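These notes are about the structure you will find just below.
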Amino acid sequence: MRAPRFLLAIPAWAWLAAFFVLPVATVVYFSFGYKPGIFGTHATDVLSLDRYREALSPTFFTTFTNTLRVGVLGTLLCLVIGIPMAYWMAVKVSPGKRAFLLALVIVPFWTNFLVRTIGWQVILAPEGWLSGMLQALGLRENPLAILYTRSAVLLGVVYNYLPLMILPLFVAFDRVGPAMREASKDLGANRWRTFTRVTLPMARPGIIAGILLVFIPLMGDYITATVLGGARGNMVGQLVASQFQAAQNWALGSAMAVLLIIVIAVTVLVGAAIAYVVTWPLSRARRLRLADLEGLPEKVR
Amino acid sequence: MGERRTVTDYLLYAWGALVFAFLFLPILVIMVYSFNEGRLLVSFTEFGFGSFRAIVDRPAVRSAVMVSIQTGAIAAVFATLLGTLAGVAMARRPGKWVLWFVGLLLLVSVTPEIVDAVALLPWLVFLGQDLGLSMFDNGVVRLVVGHSLFSTAVVSYIVRARLVGLDAQLEEASADLYASPLTTFRRVTLPLAMPAVLAGGLLAFTLSLDNTIISAFVQVSGTTPWPVYVLSALRSGLRPEIAAVSTLMLLLTLVSLMLVWLVLRRAGDSSTQIARTMTGT
Amino acid sequence: MSHPRRSRPVRVLAHASVAPRIMAEFNRRQFLSVAAALGGVGLLSACGGDGDGNGATPGADATGRATGGELESQLSIYTWGDYDSPDVLERFTEELGPEIRLDSFNSNEEMIAKLVAARGTSGYDIVVPTGQFIPQMVENDLLEPLNKDLIPNLEHMDEAFLSMAWDPENQWSICKAWGTTGFVYDNTVITRELKTWNDFLDAAQNEASGRTSVLDDPAELTGLYFWANGIDWTTEDEGDLQAAEDFLVGELAPHIAAFDSYPGGSAIPQGTHALMQVWNGDARIGIMESPDPDRWTWVLGAPVTQLWMDNWCIAKGAPNIEAAHAFINFVLAPEQVIDQVDYIGYHTGAKDVESMAEEAGLEMLDLVFFTPEQIETMKEGEVNSAQQRIVDIWNKMKAAAGA
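Chains as they are written, first to last, in our numbering: chain A, 1223 to 1523; chain B, -15 to 265; chain C, 5 to 407.
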């Protein structure tokens, strides 16, 4: 191949470089500056790391802990809900219907975000029809009190990020293909074994894509968590936004944004390390068993 | 391979139905509330069709909807194009560069939208005014630029996940049969990646329709997109026409999707055939 | 391999039954390629399309100031969403000619950032900032001075709403709508009578704990403390600010359920909270549309509260400056005022509106029109050096409330 390996990625690279890297780098540059008086937003004639010192406040840490909790729980819930759903769509449904169901998953999200949220507010209203119905049926004694609690935060987050989890998962499970699963069954594995030993590992890139596509934007998001959860949905992104908007202090805002990005990157790396460490004994165990059973030397495999 | 349905199968079907119910519940509520003729969206006072007239009576609303749909379609095509190429490259030509590129994509995903918005606005003004590239003074172009950033990252990631580990044998076979790299790409790689491309395209369109913060900052006079209008109208108490217009937009986009489907069918394929191509089986 | 594919027939060896499908396949591919080409043309035309869109400025003189000349054909207004009666806008176009184009923004800072970045080329004619941001806009040269000769309908404005602190001569702005802050409580949950901000704070920590919402704005939050304690809410004194922080973050935050600037649109009709800090027009809509209006009691913030005002201003470099002046003059006329008040639910600062409103049968007028004594208690806000500090307090309060 004479062409460079990344040839096809050049258009995307160029586009992102021109419209993301360059402008955002400029804003990051502001983080070394300061806010010049009441009406200015940023100035960079005097550079320092003072904004970073300001950004590392106790508020930041408290808010970050809450953000992390929402991020991890939200992603896990999306995963738990998404895996059976995507598996069903990719494996159990007849091929003719799959594309249709795929589109159907995404159709609700063509309604504006705020409008969807209002839909949920109407459903969960303590004095709304659902609350009344549940009370009438005797399933609840008091009016529905989900709104403005931690549960509501998770509900809002999961609802709005589910497609970002389901779509990559669907694509991943679909990739495994019926042939592999049949082969596995022919070799004597039961359904559960096939799922855990063949389907799931082969779908791993998609699962990782889903986790990253949900967790990472969620950590930077601040609106989704507050729409149903109110004060309980306080996220770090709100700190960043407040500096750019209410305080008109772009220098501090950029410093906070950089800090947010670094902290999320570290979190993802730590998460990956934990996942690696946790799954390492599992893969080892499998190999040893095979070697025992077959009596073949390791090298052959 | 028998067609016996086991308990697990029934459970999975039930789960699928439940999840769809979950996804559509608020949408159905909004559709019902489109027929509210009261003052406030959330307060159902009288039943009627009056709210649907907003899209006819109010030019601001009409313009916002048209801008959003137009921008969504263009941004989706764009992001899908760039993202597919990038995803294919990451899967088929891995190397050290992939690490950097994935890093860039994750950076794009994690940057809070407000940072993107504040960065993009002066940059676009610079390109449009100082450099004289008048294309960047156009509202739709600016919106497309803003919307395509995150969407490109999403699409490339999904396409990569699809192709990675899918044996490159088919492509090698194609090359062995004297197909040019371009032909191999068109005839083998692309169909293999098709479900991911479509899923990515749908997501890109959806993300564009909802993009608020970047849109608010980069829009120009005459191209206020729908989400910016809705958020702005919150201050005055949302009227039921917002629900009515949302319902109409939903139907509009559904109809467009179905038209594409119908046209493809008309060209001769059965729906199973189309789905097979689309899902790469 | 560069064989030109189209000039050679493609030979396919296949079963007869699949032949039609293969033919269809080729037809479909052709269709798709044509469609893609059309789509590409569409994309290009969108790109090459109009980027300017506004008329020239026939009437302006050399300095760009309006001289009362011929009106242009367009008018671009950058304002809050759904903030003008559609009837009034239509009437303007019918009677005077220019087509109106409305664009929306979500916050004053966003609007200012856009105008600053555009450096006079934003394309907007009229902008509608909130009063305390006007000094900043003037300093950054974002506004065009008004030619008051072209706005004779100023005589219909109530003197109390002209000459505000941010623009004493009305050189840059004229009142569009003004409002104030108070609170609403559910009188079935809070059975005693609440009258002042101190009552609000007390109830928030007792009966309404966990069911209280406050406005999602830093100044309104610190204002809450200052108004209750007789301190000027535009204070820049560190001692005052620290006291506000200690109270808001330490004592009030754990009782707050939500930071919501628009409870009238959802929380009041749905009865989600028991005690809400709210603007008057928002409260009015919420109570009027509630299934049980008698349950809600509105209280104007006492002993002191704020007066906020949205203003008509003209952006620097406005392409249609004659039309802009004509519009501002048009909308201040008494015939249009009552429609505006009815539509947006706020006082537009005009004279004698109250009697007109009564005749027109508008409800709950005590939430729109206030007595001169009440207006005396409403203080204007200011963007000053304390801004960063109050944003920090706001963030800390949110963190404490969410913990």
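Note that CB positions come from ideal geometry on N, CA and C, so glycine has one too.
In this text, all values refer to a predicted model and were calculated from it rather than measured experimentally.
Check: Anyone know if the C-beta pair for D129 (chain C) and A337 (chain C) falls short of 8 Å?; Outcome: no
Check: Would you mind telling me which residues of chain A sit closer than 9 Å to S140 (chain B), beta carbon to beta carbon, in chain order?; Outcome: A1231 and A1234
Check: Check whether the Cβ atoms of Q310 (chain C) and T184 (chain C) lie closer than 8 Å to each other.; Outcome: yes
Check: Which of helix, strand or coil does DSSP assign to Q175 (chain C)?; Outcome: coil
Check: Please find out if some non-hydrogen atom of the ligand HEM comes closer than 7 Å to the beta-carbon of L25 (chain B).; Outcome: Among the components of this structure there are no ligands whatsoever, and the ligand HEM is therefore not found.
Check: I'd like the span of the alpha helix (DSSP H) that includes I325 (chain C), first residue to last.; Outcome: I325 to V335
Check: Taking only three categories from DSSP, how would you classify A1468 (chain A)?; Outcome: coil
Check: Given a threshold of 16 other Cβ atoms within 10 Å of its Cβ, counted over all protein chains shown, does I53 (chain B) qualify as buried or as exposed?; Outcome: buried
Check: Of all the CB atoms in chain A, is at least one closer than 8 Å to the CB of L7 (chain B)?; Outcome: yes
Check: Beta-carbon separation of N151 (chain C) and A70 (chain C) under 8 Å?; Outcome: yes
Check: Counting only beta-carbon atoms, is P273 (chain C) nearer than 8 Å to chain B?; Outcome: yes
Check: Along chain C, in chain order, which residues have C-beta atoms closer than 8 Å to that of T95 (chain B)?; Outcome: Under the 8 Å cutoff, chain C gives no residues; its nearest Cβ is about 17 Å from T95 (chain B).
Check: Relative to chain A, which residues along the segment 219 to 230 of chain C have a C-beta separation below 7 Å, given in chain order?; Outcome: P222
Check: Is S1464 (chain A) close to chain C, meaning its C-beta is less than 8 Å from at least one C-beta of that chain?; Outcome: yes
Check: What are the start and end residues of the alpha helix (DSSP H) that includes F1252 (chain A)?; Outcome: L1244 to F1252
Check: Sorted by chain position, which residues of the same chain lie with C-beta nearer than 6 Å to L1356 (chain A)'s C-beta, five sequence neighbours on each side aside?; Outcome: R1362
Check: Would you verify that the beta carbon of I260 (chain C) is, or is not, closer than 8 Å to some beta carbon of chain A?; Outcome: yes
Check: Is K180 (chain C) helix, strand or coil by DSSP?; Outcome: strand
Check: Nearest-angstrom Cα distance between N122 (chain B) and A101 (chain B)?; Outcome: 17 Å
Check: Classify A1347 (chain A) as buried or exposed, calling it buried when 16 or more other Cβ atoms lie within 10 Å of its own Cβ.; Outcome: buried
Check: The beta strand (DSSP E) with M115 (chain C) in it runs from where to where?; Outcome: First-last for M115 (chain C): N112 to A122, but that is the alpha helix (DSSP H), not the beta strand (DSSP E).
Check: As a quick exercise: from A:V1436, A:A1308, A:L1271 and A:I1445, pick the residue whose alpha carbon is nearest that of L1386 (chain A).; Outcome: A:V1436
Check: Looking only at its own chain, which residues have a Cβ that is under 8 Å from the Cβ of V253 (chain C), when we skip the five neighbours before and after it?; Outcome: I397, K400, M401 and A404
Check: Could you check how far apart the C-beta atoms of V218 (chain C) and T301 (chain C) are, in whole angstroms? I think they sit under 8 Å.; Outcome: About 17 Å separates the two Cβ atoms, so there is no contact after all.
Check: Inspect the beta-carbon positions of G305 (chain C) and R219 (chain B) and report whether they are closer than 8 Å.; Outcome: no
Check: Quick check on the DSSP output: what are the complete alpha helix (DSSP H) runs of length 4 or more inside the segment 231 to 278 of chain C, in order along the chain?; Outcome: 242 to 249 and 271 to 274
Check: Which residues does DSSP list as the beta-bridge partners of H351 (chain C)?; Outcome: C:W182
Check: Is the Cβ-Cβ distance between L1366 (chain A) and A1308 (chain A) less than 8 Å?; Outcome: no
Check: Which word fits M(-15) (chain B), buried or exposed, when buried means at least 16 other C-beta atoms lie within 10 angstroms of its C-beta?; Outcome: With a pLDDT of 44 at M(-15) (chain B), under the threshold of 50, the predicted position of this residue should be treated as unreliable, and no value is reported.
Check: Between which residues of its own chain and G34 (chain B) is the CB-CB distance below 6 Å, once the five residues before and five after are set aside?; Outcome: E21
Check: Can you tell me the Cβ-Cβ gap for I289 (chain C) and L24 (chain B), rounded? I've got them flagged as a contact below 8 Å.; Outcome: 7 Å
Check: Any idea which residues DSSP pairs F31 (chain B) with across the strands?; Outcome: B:N20
Check: At which residues does the beta strand (DSSP E) containing N408 (chain C) begin and terminate?; Outcome: Given that chain C is displayed from residue 5 to residue 407, the structure contains no residue 408 (chain C) and the question cannot be resolved.
Check: Distance, Cα to Cα, Y(-6) (chain B) vs W1310 (chain A)?; Outcome: 10 Å
Check: D107 (chain C) lies in the beta strand (DSSP E); which residues open and close that run?; Outcome: E103 to S108
Check: Under three-state DSSP, which class holds K1257 (chain A)?; Outcome: coil
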